[in-house]
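J.: Below you'll find the structure I mean.
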Amino acid sequence: MEMFNQLHEADTFSEKVKILFSQHNEHRILVTRLFALLQYSISGYIDLRWWIIAGNLCLPFVVWIFYQNLKQTPWLLIPIAFILFAPLSNTFAAMQNANLFSVLFCIAAFHFSLKSPDSFFNTFYVFLFTLLGIFSNGGGVVCFGLIGCVFFFQRRYRLLTYWILFGILILGGYFYDYQKIYKHPTAENLFEQLPEAFSFLLTFLGGMAQLIWLAKIVGVLFLGLFLTIIIRRYYQQNPFIFLLFTYGIAISVLTALSRYEHDISLALAERYVIYSMLLAAASVVIMYDFLKNVPSLQTYVFVGLTFLSISAHLKYITIKLKTADATKNSLLMAMENYHLNRSGYTCMEVKILDRLAQNGFYSYPIPHPVYPKSYYDSLNRYLLIQTVKLRVDKAYTTQKNLHLHISILEPMEAEKVFEEIFLKYLVFQNDSLPFDCQKSIFTQPDNDQTILVDIHLENARRGVSLPQLEIILPKKHFMKGKYALYFLFFSDKPVNYPPIKTNVSFRL
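Anchor point for the sequence shown: position 442 equals 442 in my numbering, and the numbering is continuous, going up by one each time.
Structure below.
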């Protein structure tokens, strides 16, 4: 939503184009941004419900593409549809449509890459949908590599040459002025943390199980099935399903490599579950195909898989129905808290909402609040922590990075006090500029004004614990003068807590 503010404040057309193509975290979500602008131009206001609907509408098209490749066994669509329509992905979160857009476009590109090579339109659709997949979500890059392999094995060498040139152009544009996100893992620690990375991968693969232990079991089964289809050369029997399964595995590996240092529960996040669902849907076809020489057993397997898919679907429907009212009430309370107290959201979100209202993009009249202001005042309790005093034990720079070893002197028993806080950030703020927590690695990954560092993640990465902190950050963010250190705290019931300035500042 910050995009609307940025476009409104941009002076030239070229600046607006740059904003549309700019990074969001490590992705370029051009398609989601264009859809948001289309929705706003039609409605005259931002309506996140249409963003959610657009994402969910990708799923029927995914099922339709399955049907186009399963015309000889259309009954398999029954378990496949129940799996893909399970309310696990993109149910309430508007921004998750980026993942579903990318999945749909990549699957469509796979479909057309396997159709008649003599058709100009089939080839055109492959190029078009791959382009859209890449600029929907960074995972679309996997689509480019897999389709290149398809053209190679089809011996379409001229087309492969064009494809490589197309890739150089598109990927060159994608990674032009690309900024590495400093909070993501680096290759330096990967070999030391292979068990953690592999555990995250297994959980990600089996994400639709929604329980970490069960997800890991499902992940092992998916990896075993992937090795089996490679050994049995399943790509000769059903190239579409083979591509789809390989795509799901590749996306899972790439995501695990960039997220494994986070809490493992992130692997079950709603925005990622679609990849596990795709693997499950493809597994239905694979297991059925493996039994083609035993028709009677095929029937039993089909009935069993259908029963499992329907049971899982109904289970997730039940869970969502139980939480739907609570989710709606929570969102409503957050909005009322914001309008009555400028709270209910973190300081990053409040700043963006303020500017959206100032620029005329957003309004939310509350004629009759669900709860009185006094109720929200009781939620917005002040933190017990009012001051933080630090001691810098060691500070030095290398060719690329700034290294800081810090001890927390006040509050006393910092580990115990900080445990009660949901999220804890150490903020490096340019001391000559006002504190602006809306600047973040998501909206401005290369900013040199406000750098937010997740304390829990950094300490886990370095193997230290509170009251010690060990921070390593790229030097390039600290070349504009003097920087002061702040703490920023988020509760599990978001409150707009003000930043707490520490006694430490520095200049490189």
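Virtual Cβ for every residue (Gly too), placed ideally from N, Cα, C.
Can you tell me the Cα-Cα spacing of Asp354 and Phe422, whole angstroms?
T.: For the purposes of this step, residue 354 is identified with residue 354 of the sequence shown, where counting begins at 1. For the purposes of this step, residue 422 is identified with residue 422 of the sequence shown, where counting begins at 1. Answer to the nearest angstrom: the Cα atoms are 24 angstroms apart.
J.: Thinking just about the alpha-carbon of each residue, which of Val285, Val63, Ala98 and Trp51 is nearest to the one in Thr73?
T.: Numbered from 1 along the sequence shown, position 73 holds the residue referred to as residue 73. Nearest C-alpha to Thr73: Val285.
J.: Can you name the start and end residues of the beta strand (DSSP E) that Glu470 belongs to?
T.: Looking up residue 470 in the sequence shown gives position 470. Where Glu470 is concerned, the enclosing beta strand (DSSP E) stretches over Gln468 to Pro474.
J.: Assign Trp163 to buried or exposed, taking buried as 16 or more other Cβ atoms, counted over all protein chains shown, within 10 Å of its Cβ.
T.: On the sequence shown, residue 163 is found 163 positions in, with the first residue counted as 1. Trp163 is buried by the Cβ-count criterion.
J.: Kindly indicate which three-state DSSP category Asn137 falls into: helix, strand or coil?
T.: As a first step, residue 137 is located in the sequence shown; it is residue number 137 there, counting from the start. Coil at Asn137, not helix or strand.
J.: Just the Cα atoms here: how many angstroms apart are Phe290 and Ser311?
T.: Residue numbering aside, residue 290 sits at position 290 when the sequence shown is read from its first letter. Residue numbering aside, residue 311 sits at position 311 when the sequence shown is read from its first letter. Computed Cα separation, rounded: 24 angstroms.
J.: Quick one: residues in its chain with C-beta nearer than 8 angstroms to the C-beta of Phe240, no 5 flanking neighbours on either side, listed in chain order?
T.: Residue mapping note: residue 240 aligns to position 240 of the sequence shown, counting from 1. Answer for Phe240: Asn69, Phe110, His111 and Leu114, listed in chain order.
J.: Based on Cα-Cα distance, which residue from Val126, Ile78, Ala81 and Val273 lies nearest to Phe577?
T.: Residue 577 lies beyond the residue range present for the chain, which begins at 1 and ends at 508; the question has no answer from this structure.
J.: Tyr45: buried (16+ other C-beta within 10 angstroms of its C-beta) or exposed?
T.: Start at 1 with the first residue of the sequence shown, and residue 45 comes out as number 45. Counting Cβ neighbours within 10 Å, Tyr45 comes out exposed, since fewer than 16 surround it.
J.: With distances taken Cα to Cα, identify the nearest neighbour of Tyr486 among Val495, Lys480 and Lys501.
T.: Counting from 1 along the sequence shown, the entry for residue 486 is found at position 486. Out of Val495, Lys480 and Lys501, Lys501 has the C-alpha closest to the C-alpha of Tyr486.
J.: Contact between the segment 190 to 201 and the segment 248 to 262 is defined here as three or more beta-carbon pairs at a separation below 8 angstroms; is this criterion met?
T.: In short, these stretches touch, since the Cβ pair count reaches three.
J.: Looking at the unbroken beta strand (DSSP E) that takes in Glu410, where does it start and where does it end?
T.: For this step, residue 410 is matched to residue 410 along the sequence shown. Asn401 to Glu410 is the span of the beta strand (DSSP E), which, as asked, contains Glu410.
J.: If you scan the segment 173 to 253 from start to end, which runs of the alpha helix (DSSP H) of 4 or more residues do you find wholly inside it?
T.: Here the runs fully enclosed are 187 to 190, 194 to 205, 212 to 231 and 234 to 237.
J.: According to the Cβ coordinates, are Gln39 and Ile19 closer than 8 angstroms?
T.: In the sequence shown, the residue the question calls residue 39 occupies position 39. In the sequence shown, the residue the question calls residue 19 occupies position 19. No, Cβ-Cβ distance for Gln39 and Ile19 is not below 8 angstroms.
J.: Helix, strand or coil for Thr130? Go by DSSP, reduced to three states.
T.: As a position in the sequence shown, residue 130 is number 130, starting the count at 1. The answer is helix: DSSP assigns Thr130 an H, G or I state.
J.: Roughly how far, in whole angstroms, is the beta-carbon of Met333 from the beta-carbon of Tyr371, given that I think they are within contact range, below 8 angstroms?
T.: Position 333 of the sequence shown, counting from 1, holds the residue named residue 333. Position 371 of the sequence shown, counting from 1, holds the residue named residue 371. That belief holds up - the Cβ atoms of Met333 and Tyr371 are roughly 7 angstroms apart, short of 8 angstroms.
J.: In this structure, does DSSP put His477 in helix, strand or coil?
T.: To locate residue 477, count along the sequence shown from 1; it is residue 477. Three-state DSSP puts His477 in a helix.
J.: Going by the CB atoms, is the gap between Tyr425 and Asp520 shorter than 8 angstroms?
T.: Given a span of 1 to 508 for the chain in the structure shown, any question on residue 520 remains unanswerable.
J.: What's the C-alpha gap between Leu281 and Leu37?
T.: Reading the sequence shown from its first residue, position 281 is the one you call residue 281. Reading the sequence shown from its first residue, position 37 is the one you call residue 37. Checking the sequence shown, residue 281 turns out to be Ala, not Leu. Distance between the alpha carbons of Ala281 and Leu37 is about 33 angstroms.
J.: Locate the beta strand (DSSP E) running through Leu314, then write down its first and last residues.
T.: In the sequence shown, counting from the first residue as 1, residue 314 sits at position 314. That residue, Leu314, is in no beta strand (DSSP E); its alpha helix (DSSP H) goes Pro295 to Asn341.
J.: Which parts of the segment 75 to 111 are runs of the alpha helix (DSSP H), unbroken and 4 residues or longer, counting only runs that do not cross its ends?
T.: Runs found: 77 to 84.
J.: Please list, in chain order, all residues of the same chain as Leu77 whose beta carbon is under 8 angstroms from its beta carbon, the five residues on each side excluded.
T.: Here residue 77 refers to the residue found at position 77 when the sequence shown is read from its first residue. If we look at Leu77 and ignore the five residues flanking it on each side, its Cβ neighbours are Val63, Phe66, Tyr67 and Leu70.
J.: Where DSSP assigns a beta bridge to Ala158, which residues make up the other side?
T.: On the sequence shown, position 158 is the one that residue 158 refers to. The sequence shown places Arg at residue 158, rather than the Ala named in the question. None; Arg158 has no bridge partner.
J.: Applying the criterion that 16 or more other CB atoms from any shown protein chain within 10 Å of the CB defines a buried residue, is Pro79 buried or exposed?
T.: The count along the sequence shown starts at 1 and reaches residue 79 at position 79. Label assigned to Pro79: buried.
J.: Restricting to Cα atoms, I'd like to know which of Asn99, Gly167 and Arg461 is closest to Asp263.
T.: Residue 263 sits at position 263 when you count from the first residue of the sequence shown. Here the closest residue by C-alpha is Arg461.
J.: Classify Leu433: buried if its beta carbon has 16 or more other beta carbons within 10 angstroms, exposed otherwise.
T.: The residue given as residue 433 occupies position 433 in the sequence shown. With fewer than 16 Cβ atoms within 10 Å of its Cβ, Leu433 is classed as exposed.
J.: With 16 as the cutoff for other CB atoms within 10 Å, does Gln96 come out buried or exposed?
T.: In the sequence shown, the residue the question calls residue 96 occupies position 96. Classification for Gln96: buried.
J.: Taking contact to mean at least 3 C-beta pairs separated by less than 8 angstroms, is the segment 119 to 127 in contact with the segment 304 to 323?
T.: The segment 119 to 127, when compared against the segment 304 to 323, does not touch it at the 8 angstroms Cβ threshold.
J.: Sorted by chain position, which residues of the same chain lie with C-beta nearer than 8 angstroms to Ile216's C-beta, five sequence neighbours on each side aside?
T.: Position 216 of the sequence shown, counted from the start, is the residue given in the question as residue 216. The amino acid occupying residue 216 in the given sequence is Lys; Ile does not appear at that position. Counting only Cβ-Cβ distances below 8 angstroms, and skipping sequence neighbours, we find Ser199, Leu202, Thr203 and Gly206.
J.: Do you know offhand how far Val150's Cα is from Ser252's?
T.: For this step, residue 150 is matched to residue 150 along the sequence shown. For this step, residue 252 is matched to residue 252 along the sequence shown. Roughly 21 angstroms separates the two Cα atoms.
J.: In three-state DSSP terms, what is Phe361?
T.: Sequence index remark: in the sequence shown, residue 361 carries index 361 (1-based). In the structure shown, Phe361 sits in coil (DSSP, three-state: anything other than H, G, I, E or B).
J.: Report yes if the CB atom of Ile107 is closer than 8 angstroms to the CB atom of Leu244, and no otherwise.
T.: For the purposes of this step, residue 107 is taken as residue 107 along the sequence shown, with counting starting at 1. For the purposes of this step, residue 244 is taken as residue 244 along the sequence shown, with counting starting at 1. Yes.
J.: What is the DSSP secondary structure of Arg507, reduced to helix, strand or coil?
T.: For the purposes of this step, residue 507 is taken as the residue at position 507 of the sequence shown. Reduced to three states, the DSSP call for Arg507 is strand.
J.: Note the first and the last residue of the continuous alpha helix (DSSP H) segment covering Gln39.
T.: Taking the sequence shown and counting its residues from 1, the one referred to as residue 39 is at position 39. Element bounds for Gln39: Leu30 to Ser43.
J.: Rounded to a whole number of angstroms, what is the C-alpha to C-alpha distance between Cys143 and Val31?
T.: For this step, residue 143 is matched to residue 143 along the sequence shown. For this step, residue 31 is matched to residue 31 along the sequence shown. Cys143 and Val31: Cα-Cα distance of roughly 16 angstroms.
J.: Which residues share a DSSP beta bridge with Asp454?
T.: In the sequence shown, residue 454 corresponds to position 454, counting from 1. In the DSSP output, where bridge partners are listed per residue, Asp454 has Tyr425.
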